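J.: First to last, the protein sequences are chains A and B.
Just so you know, this note's numbering puts the end of the first sequence at 494, numbered straight through with nothing missing.
Just so you know, this note's numbering puts the end of the second sequence at 494, numbered straight through with nothing missing.
Cβ atoms here follow ideal geometry from the backbone N, Cα and C, with glycine treated the same way.
This structure is a prediction, so every number in the text was calculated from the model and none was measured.
Supplied in structure tokens, the structure appears directly below.
There are 2 protein chains.
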Amino acid sequence: MEKLREFTNKITDIQRAIAVLNWDQETYMPKKGQGFRAQQIGTLSGLAHEIATSKAYEECLLELKDKESLSAQDQRNVQLLLKDLEKAKKLPGEFVIRLSKTTSKAFHAWVEARQANDFKVYEEALTEMVNIQQEKAKIYGYEDHIYNALMDDYQPEATVDQIDKIFADVREKLQPLITKISESPQVNDKFMYQHFGKDEQWNLGIALMKKLGYDMDAGRQDLAEHPFSTTFSPGDVRVTTRIDEQNFYDMLWSCMHECGHALYEQGLLEEQYGLPCGEAVSLGIHESQSRFYENNLGRSKAFWMHNYKDVVQAFPVQLNDVTLNDFYQAINIVKPSLIRTDADELTYHFHIMIRYELEKMLIEGSLKVNDVRDAWNEKYKSYLNIDVPSDAKGVLQDIHWSHGGFGYFPTYSLGSFYAAQFEAKMREDITAYDEKVGAGNYAEILHWLRKNIHEHGRFYSSEDLCKQATGEGLNFKYFMDYAEKKYGEIYSV
Amino acid sequence: MEKLREFTNKITDIQRAIAVLNWDQETYMPKKGQGFRAQQIGTLSGLAHEIATSKAYEECLLELKDKESLSAQDQRNVQLLLKDLEKAKKLPGEFVIRLSKTTSKAFHAWVEARQANDFKVYEEALTEMVNIQQEKAKIYGYEDHIYNALMDDYQPEATVDQIDKIFADVREKLQPLITKISESPQVNDKFMYQHFGKDEQWNLGIALMKKLGYDMDAGRQDLAEHPFSTTFSPGDVRVTTRIDEQNFYDMLWSCMHECGHALYEQGLLEEQYGLPCGEAVSLGIHESQSRFYENNLGRSKAFWMHNYKDVVQAFPVQLNDVTLNDFYQAINIVKPSLIRTDADELTYHFHIMIRYELEKMLIEGSLKVNDVRDAWNEKYKSYLNIDVPSDAKGVLQDIHWSHGGFGYFPTYSLGSFYAAQFEAKMREDITAYDEKVGAGNYAEILHWLRKNIHEHGRFYSSEDLCKQATGEGLNFKYFMDYAEKKYGEIYSV
Chain A
2 MEKLREFTNK
12 ITDIQRAIAV
22 LNWDQETYMP
32 KKGQGFRAQQ
42 IGTLSGLAHE
52 IATSKAYEEC
62 LLELKDKESL
72 SAQDQRNVQL
82 LLKDLEKAKK
92 LPGEFVIRLS
102 KTTSKAFHAW
112 VEARQANDFK
122 VYEEALTEMV
132 NIQQEKAKIY
142 GYEDHIYNAL
152 MDDYQPEATV
162 DQIDKIFADV
172 REKLQPLITK
182 ISESPQVNDK
192 FMYQHFGKDE
202 QWNLGIALMK
212 KLGYDMDAGR
222 QDLAEHPFST
232 TFSPGDVRVT
242 TRIDEQNFYD
252 MLWSCMHECG
262 HALYEQGLLE
272 EQYGLPCGEA
282 VSLGIHESQS
292 RFYENNLGRS
302 KAFWMHNYKD
312 VVQAFPVQLN
322 DVTLNDFYQA
332 INIVKPSLIR
342 TDADELTYHF
352 HIMIRYELEK
362 MLIEGSLKVN
372 DVRDAWNEKY
382 KSYLNIDVPS
392 DAKGVLQDIH
402 WSHGGFGYFP
412 TYSLGSFYAA
422 QFEAKMREDI
432 TAYDEKVGAG
442 NYAEILHWLR
452 KNIHEHGRFY
462 SSEDLCKQAT
472 GEGLNFKYFM
482 DYAEKKYGEI
492 YSV
Chain B
2 MEKLREFTNK
12 ITDIQRAIAV
22 LNWDQETYMP
32 KKGQGFRAQQ
42 IGTLSGLAHE
52 IATSKAYEEC
62 LLELKDKESL
72 SAQDQRNVQL
82 LLKDLEKAKK
92 LPGEFVIRLS
102 KTTSKAFHAW
112 VEARQANDFK
122 VYEEALTEMV
132 NIQQEKAKIY
142 GYEDHIYNAL
152 MDDYQPEATV
162 DQIDKIFADV
172 REKLQPLITK
182 ISESPQVNDK
192 FMYQHFGKDE
202 QWNLGIALMK
212 KLGYDMDAGR
222 QDLAEHPFST
232 TFSPGDVRVT
242 TRIDEQNFYD
252 MLWSCMHECG
262 HALYEQGLLE
272 EQYGLPCGEA
282 VSLGIHESQS
292 RFYENNLGRS
302 KAFWMHNYKD
312 VVQAFPVQLN
322 DVTLNDFYQA
332 INIVKPSLIR
342 TDADELTYHF
352 HIMIRYELEK
362 MLIEGSLKVN
372 DVRDAWNEKY
382 KSYLNIDVPS
392 DAKGVLQDIH
402 WSHGGFGYFP
412 TYSLGSFYAA
422 QFEAKMREDI
432 TAYDEKVGAG
442 NYAEILHWLR
452 KNIHEHGRFY
462 SSEDLCKQAT
472 GEGLNFKYFM
482 DYAEKKYGEI
492 YSV
């Protein structure tokens, strides 16, 4: 195991260095640094891949395979590393470097296109990205659908079949609730679009994250175009946020959301650095943590019973005659919208469905990049009855494709559904749950998540982890129960 | 050459990634990130060293050795890379990793010791650092003096003999001028220690750097404990500064100084990335650039004739009754002081001499780390008649030893002396030099430096570069001429 850890430390050290270079690229790097930075990231990716697919590393793993003298954790580590290796071996070093360069180019094209508000600026780089993703899927190999090969990087158990069924569920069960809500008297949230000063928003976000348990000695927040969290080590897990002075939601949800991700990463076992049991199990579970903090906790009445006073203190003029109940209703407004990250927690899943459908078609080749903008705009019209006014607010709004994240979007919906199921179990396990939240005490919640989710890393699969924590596998019912209870009350439906 | 560039790109990409990790460590990294960051930097250092000392790389170089079909530049590149390789090969990979870890540890101990204002906190880590530096010098091998082996990393031509002679010159020729000045009526600079707001200082520094030609699309400024500049590529050369709201000098000189370094790095040839002809020739020449901008240009009357109005505009209350001449005299005050980076350009060389003498003794083993604080304080008393009130303001003031930079300090003095010689030549080559500077036009100066210094990289040795640019090798006379003319006028001596 000691020899194995030499390998995994080396590989992980390089990968975390790449994470620092990426973080810097998206927060502080000057414009002209772009070309060489892409080259540098490409070189490091190639090196990590080289070690991770080396004969010596493989032999070391094979020697440890099925060794019963190892702890259960280490047996699992070896088993998963071998599985990862089988997969990684399929990608030639040359391909890995090319993928990394394509990604860097696509990211910058996306930034430029957003600034120019013109999808055309992005088309060439995105086409290269789709091509290389198809190439990757073919190298990996797949059953049934080419998209499955890509989804496997983010959510190992998921298949197009399963995700199609989940979205059928969403349409059948969630859509009727949304329709009922749309026919009810609407909530007013105009006061959320006043001027909210940048510094006050920044300070409020930091204060909330600290209360939730985010350790600022093991992390920090910076500004970025598209908020993300990133891990350099268990002692350095960073978040980024975006502040819109005309829209209070933007910072609020990005802070709570990224905080949930970061709490997961800060909760992984330090002594498992570089090993699967020290890694997040899947993006779906990762997203369950961010969604839990953003929605289940962050949009609950009990949470704001304690915290709303601080918001009023930061913005006394803007919120002068806004009651706690007004605020609670506003942050839970259900209203089809343009921007995914601004969406409410119900219509959100239609944003995901659109992306899922488009990227599935791009990867299977039934849709061309030149036609993506039109297809996007049409789907927004048909699913959400929304007219997309510009590329920047439409097809260019998400960073994911520019990062090569095809197969990533469905995990957002899975995250919400896992989160609802976890919350239901927490309410059983933690006595006086609402009272504690209402008193600003989130320690038992974080403890529950640490013990049931974070500390296990990849020891269990996503589904087994869910069973271990809640007694059953993912069940959409919990999300519907949650949605019907909460929104039934708010909209009297 | 193409094959060679694959190697040099790889090596350089890793080294620049390390530079990003170091920059982050000194600007933004949270406290608990320290342990794994040191490990990550160690791993990358080891990898770079591995490639840079590999058989394949060596064979590639040997194949190109003395190939007359190569351009003169490439012949020189090959020659220097072979020389660097001979040196690098001497250090075992294990040693390089250990050196990197020791450095990271020493840096953090230094930061802590500074905060605790207690040299004792730093002693253990510094002792390890001195030991490993001695080990390095012995591995390299040396003639005459063990310190020569270390200085070679920063200033290839320099030896203890030569530096001892230069400091003898400093004592014989510079000391009498300083004595005369100390007997003259003193300059008043109290107004420089009022409250100068952080934001205004920051903006002023950025504006000055832009005027001097620093390309903000190929760089940025951040705050750091001890200002430095760092290069990630010709398109991303960053500086850091430190702002003391009670002392206007601090930001001013660190900005101008680091800007000089950064202009050199931004002026290196992009197409020579990773090759010696795309690297700075020596720290002495590097320092000549920072010292030129900080002192020769930045403390000249002509420079402030144009720029003083902006300072007054930023601080109208503080500088209400301070004339241009008052300001000019203040920024050229000669007065023995505690802090090297605050020192005037004459007594500065005594600060360097103290460090040089101490580190030479540490490395030769005639002084123990436990005795460094006392020795430091005694030398400040005897050379500068200064009582050192605390460790933070004494022996802990410089970052260099914590970075392993033994043999580095003398290059600061060499820098000033080169800078004076370059200025003398510029005044011959650029018509109406003072008028142009007085009109805020520094383009011809930067052009002269680009053509005569920056663009050559390591094509010439430091001495040859100096001859090429000025017609003769380094001559202390130019510094004395400059000092006597300028300070003779200010202090009427």
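Closer than 8 Å between beta carbons: that is the criterion. Which residues of the stretch 195-224 of chain A meet it against chain B?
T.: Answer set for the stretch 195-224 of chain A: Asp-216, Met-217, Asp-218, Ala-219, Gly-220, Arg-221 and Asp-223.
J.: Straight-line CA distance for B:Ile-400 to B:His-352?
T.: Here residue 400 of chain B refers to the residue found at position 399 of the second sequence. Here residue 352 of chain B refers to the residue found at position 351 of the second sequence. Their backbone Cα atoms lie some 14 Å apart in a straight line.
J.: Answer with buried or exposed for A:Asn-189, where buried requires no fewer than 16 other C-beta atoms within 10 angstroms of its C-beta.
T.: As a first step, residue 189 of chain A is located in the first sequence; it is residue number 188 there, counting from the start. A:Asn-189 should be labelled exposed.
J.: Give a yes or no on whether the C-beta atoms belonging to B:Phe-495 and B:Tyr-309 are separated by under 8 Å.
T.: The question about residue 495 of chain B has no answer, for chain B in this structure spans 2 to 494.
J.: Quick check: what's the CA-CA separation for B:Met-481 versus B:Gly-439?
T.: For the purposes of this step, residue 481 of chain B is taken as the residue at position 480 of the second sequence. For the purposes of this step, residue 439 of chain B is taken as the residue at position 438 of the second sequence. Cα to Cα, B:Met-481 sits roughly 24 Å from B:Gly-439.
J.: Quick check on B:Gln-40 - is its C-beta less than 8 Å from some C-beta in chain A?
T.: Taking the first residue of the second sequence as position 1, residue 40 of chain B is located at position 39. Interface residue, yes.
J.: Determine, using beta carbons only, whether B:Thr-104 comes closer than 8 Å to chain A.
T.: Counting from one through the second sequence, the residue named residue 104 of chain B turns up at place 103. No, no contact with chain A.
J.: What is the C-beta distance between A:Gly-275 and A:Leu-447, in whole angstroms, given that I count them as a contact (C-beta under 8 Å)?
T.: Residue numbering aside, residue 275 of chain A sits at position 274 when the first sequence is read from its first letter. Residue numbering aside, residue 447 of chain A sits at position 446 when the first sequence is read from its first letter. Between A:Leu-447 and A:Gly-275 the Cβ distance is about 24 Å, and since that is not below 8 Å, they are no contact.
J.: Please confirm whether A:Gly-405 and A:Thr-104 have their CB atoms less than 8 Å apart.
T.: As a first step, residue 405 of chain A must be located in the first sequence, where it is residue number 404. As a first step, residue 104 of chain A must be located in the first sequence, where it is residue number 103. Closer than 8 Å, so yes.
J.: Measuring alpha carbon to alpha carbon, tell me which of B:Gly-474, B:Ser-462 and B:Ala-425 ends up nearest B:Trp-449.
T.: Start at 1 with the first residue of the second sequence, and residue 449 of chain B comes out as number 448. The shortest Cα separation from B:Trp-449 among B:Gly-474, B:Ser-462 and B:Ala-425 belongs to B:Ala-425.
J.: Kindly say whether A:Asn-10, judged by its beta-carbon, lies nearer than 8 Å to any beta-carbon of chain B.
T.: Stepping through the first sequence from its first residue, residue 10 of chain A is reached at position 9. Chain B, which has a Cβ nearer than 8 Å to the Cβ of A:Asn-10, makes this yes.
J.: Spatial neighbours of B:Ala-63 within its chain, please: CB distance less than 8 Å, with the 5 preceding and 5 following residues excluded, ordered by chain position.
T.: For this step, residue 63 of chain B is matched to residue 62 along the second sequence. It should be noted that the sequence gives Leu, not Ala, for residue 63 of chain B. Here the set comprises Leu-83.
J.: Quick one: complete beta strand (DSSP E) runs, 3+ long, within the stretch 221-283 of chain B?
T.: For the stretch 221-283 of chain B, whole beta strand (DSSP E) runs of length 3 or above, ordered along the chain, are 222-224, 230-234 and 237-242.
J.: Would you mind listing the alpha helix (DSSP H) stretches within the stretch 145-201 of chain A that are 4+ residues and don't spill past its ends, in chain order?
T.: The stretch 145-201 of chain A contains these whole alpha helix (DSSP H) runs: 147-152, 161-170 and 176-183.
J.: What are the residues of the stretch 232-256 of chain A that lie near chain B, defined by any Cβ-Cβ distance shorter than 7 Å?
T.: Listed by position along the chain: Phe-233, Ser-234, Gly-236 and Asp-237.
J.: Assuming A:Asn-23 and A:Ile-52 are in contact, meaning their beta carbons sit under 8 Å apart, how far apart are those beta carbons, in whole angstroms?
T.: The residue labelled residue 23 of chain A in the question sits at position 22 within the first sequence. The residue labelled residue 52 of chain A in the question sits at position 51 within the first sequence. Incorrect: roughly 19 Å between the Cβ atoms, too far for contact.
J.: Enumerate, from N- to C-terminal direction, the unbroken alpha helix (DSSP H) stretches of 4 or more residues contained entirely within the stretch 74-152 of chain B.
T.: Entirely contained in the stretch 74-152 of chain B, the alpha helix (DSSP H) runs reaching 4 residues are, in chain order, 94-117, 121-141 and 147-152.
J.: Taking the alpha carbon of A:Leu-385 as the reference point, which residue from A:Pro-337, A:Gly-366 and A:Tyr-349 has its own alpha carbon closest?
T.: In the first sequence, the residue the question calls residue 385 of chain A occupies position 384. With distances taken between Cα atoms, A:Leu-385 lies closest to A:Pro-337.
J.: At least one CB of chain B closer than 8 Å to the CB of A:Arg-17: is that the case?
T.: Position 16 of the first sequence holds residue 17 of chain A. Interface residue, yes.
J.: Measure the C-alpha to C-alpha separation of A:His-50 and B:Asp-162 and round it to an integer number of angstroms.
T.: By one-based count along the first sequence, residue 50 of chain A stands at place 49. By one-based count along the second sequence, residue 162 of chain B stands at place 161. Cα to Cα, A:His-50 sits roughly 49 Å from B:Asp-162.
J.: Is it the case that the stretch 452-459 of chain B contacts the stretch 260-270 of chain B, given that we only count it when at least three CB pairs across the two stretches are under 8 Å?
T.: In short, these stretches touch, since the Cβ pair count reaches three.
J.: What is the DSSP secondary structure of A:Tyr-215, counted as helix, strand or coil?
T.: Start at 1 with the first residue of the first sequence, and residue 215 of chain A comes out as number 214. A:Tyr-215 falls in the coil class under three-state DSSP.
J.: On the DSSP letters alone, give me the boundaries of the alpha helix (DSSP H) that A:Asp-482 sits inside.
T.: Within the first sequence, numbered from 1, the residue matching residue 482 of chain A stands at position 481. A:Asp-482 -> alpha helix (DSSP H) spans 478-492.
J.: For A:Tyr-29, return the contacting residues in chain B, with the cut-off set at a CB-CB distance below 7 Å.
T.: For the purposes of this step, residue 29 of chain A is taken as residue 28 along the first sequence, with counting starting at 1. Going along chain B in sequence order, the residues near A:Tyr-29 (Cβ under 7 Å) are Arg-221.
J.: Could you tell me which uninterrupted alpha helix (DSSP H) segments, each at least 4 residues in length, are contained entirely in the stretch 15-76 of chain B, listed from first to last along the chain?
T.: Correct list: 35-53 and 56-65.
J.: From A:His-196, A:Lys-191 and A:Gln-16, pick the residue whose C-alpha is nearest to that of A:Ser-46; which is it?
T.: Numbered from 1 along the first sequence, position 45 holds the residue referred to as residue 46 of chain A. The candidate whose alpha carbon is nearest that of A:Ser-46 is A:Gln-16.
J.: Should B:Pro-277 and B:Asn-10 be called a contact, given that it needs their Cβ atoms to be closer than 8 Å?
T.: By one-based count along the second sequence, residue 277 of chain B stands at place 276. By one-based count along the second sequence, residue 10 of chain B stands at place 9. Not closer than 8 Å, so no.
J.: What does the alpha-carbon distance come out to for the pair B:Met-193 and B:Val-318?
T.: By one-based count along the second sequence, residue 193 of chain B stands at place 192. By one-based count along the second sequence, residue 318 of chain B stands at place 317. One C-alpha to the other measures close to 12 Å.
J.: Is A:Gln-469 closer than 8 Å to A:Gly-285 when the C-beta atoms are compared?
T.: Taking the first sequence and counting its residues from 1, one reaches residue 285 of chain A at position 284. Taking the first sequence and counting its residues from 1, one reaches residue 469 of chain A at position 468. Cβ distance not < 8 Å, so A:Gly-285 and A:Gln-469 don't count as in contact.
J.: Look at A:Gly-34 and B:Gly-236 and say whether their C-beta atoms are less than 8 Å apart.
T.: Residue mapping note: residue 34 of chain A aligns to position 33 of the first sequence, counting from 1. Residue mapping note: residue 236 of chain B aligns to position 235 of the second sequence, counting from 1. The answer is yes: Cβ separation under 8 Å.
J.: Alpha carbons only, please: which of A:His-258, A:Lys-394 and A:Asn-321 is nearest the one belonging to A:Gln-290?
T.: Residue 290 of chain A sits at position 289 when you count from the first residue of the first sequence. Nearest C-alpha to A:Gln-290: A:His-258.
J.: Give the range of the alpha helix (DSSP H) segment to which A:Ser-391 is assigned.
T.: Residue 391 of chain A sits at position 390 when you count from the first residue of the first sequence. Where A:Ser-391 is concerned, there is no enclosing alpha helix (DSSP H), given that its DSSP letter is neither H nor E.
J.: Can you look up A:Gln-319 in the DSSP assignment and give me helix, strand or coil?
T.: Walking along the first sequence from the start, residue 319 of chain A turns up at place 318. DSSP places A:Gln-319 in coil when its eight states are reduced to three.
J.: Hey, which unbroken runs of the alpha helix (DSSP H) at 4 residues or more fall wholly within the stretch 401-454 of chain B?
T.: Counting only runs of 4 or more, we get 411-430, 434-439 and 444-453.
J.: Answer with yes or no whether the minimum CB distance from A:Lys-32 to chain B is below 8 Å.
T.: The residue labelled residue 32 of chain A in the question sits at position 31 within the first sequence. True, the Cβ-Cβ gap to chain B drops below 8 Å.
J.: Count Cβ pairs between the stretch 298-312 of chain B and the stretch 355-362 of chain B that sit closer than 8 Å; are there 3 or more?
T.: Judged by Cβ distances under 8 Å, the stretch 298-312 of chain B makes no contact with the stretch 355-362 of chain B, as fewer than three pairs qualify.
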